[in-house]
Amino acid sequence: MTAGLLPRCPSRPNCVCSDSDPGDPHHVAPLALAMPAPEAWNLIRKTIEDQPRVRIVEQTGGYLHAEYRSRLFRFVDDLELQLRADQRIIAVRSASRLGYSDFGVNRRRVETLRAGLRHRGVTR
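Under our numbering, the sequence shown has 23 at position 23, and the numbering climbs by one with no breaks.
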């Protein structure tokens, strides 16, 4: 992290990040919390742990880094979440480690996570 922000996306179209400028094609909205931050953070962590082919590799206080492996070729993508309780959001970054394009996989991962959390009342 740089100055409390998640890393910027590279120029390749295989990454999305809520800390990107809103006009940047890599930009994705952060997760807006609909419940108290500690409770939301625990439910988000549990939601990620329950997904297939995912491994949480780092978790400290308000930061989580998970690795997702693709089913067929076992490519690794990284998901990073940063709790910003004072803003009532979770900053999010999802990026492929290899290749040029991800065909929208990382954006769909974030939006699927957002929809599932919204359905559970965790986010707005």
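Beta carbons: idealized from backbone N, C-alpha and C, even for Gly.
Put residue i into one of helix, strand or coil per three-state DSSP.
| i | result |
| --- | --- |
| Leu77 | Correcting the residue identity first, residue 77 is Asp in this sequence and not Leu. In the structure shown, Asp77 sits in a strand (DSSP, three-state: E or B). |
| Ala29 | coil |
| Arg88 | coil |
| Leu83 | strand |
| Ser20 | coil |
Less than 8 Å separating the beta-carbons of residue i and residue j?
| i | j | result |
| --- | --- | --- |
| Thr123 | Ala34 | yes |
| Ile44 | Ile90 | yes |
| Leu81 | Leu98 | no |
| Arg126 | Val16 | Missing from the structure shown is residue 126; the chain here goes from 1 to 124 and no further. |
| Arg93 | Arg69 | no |
Quick one: give me the first and last residue of the beta strand (DSSP E) that residue i is part of.
| i | result |
| --- | --- |
| Val57 | 54 to 60 |
| Leu64 | 63 to 69 |
So residue i is in the alpha helix (DSSP H); what residue range does that whole segment cover?
| i | result |
| --- | --- |
| Val110 | 105 to 119 |
| Leu6 | Premise fails: Leu6 is in no alpha helix (DSSP H) and is neither H nor E. |
| Arg12 | That residue, Arg12, is in no alpha helix (DSSP H); it is neither H nor E in DSSP. |
| Leu43 | 37 to 49 |
Report the CB separation of residue i from residue j in whole angstroms; it is logged as a contact under 8 Å.
| i | j | result |
| --- | --- | --- |
| Arg55 | Ala66 | 7 Å |
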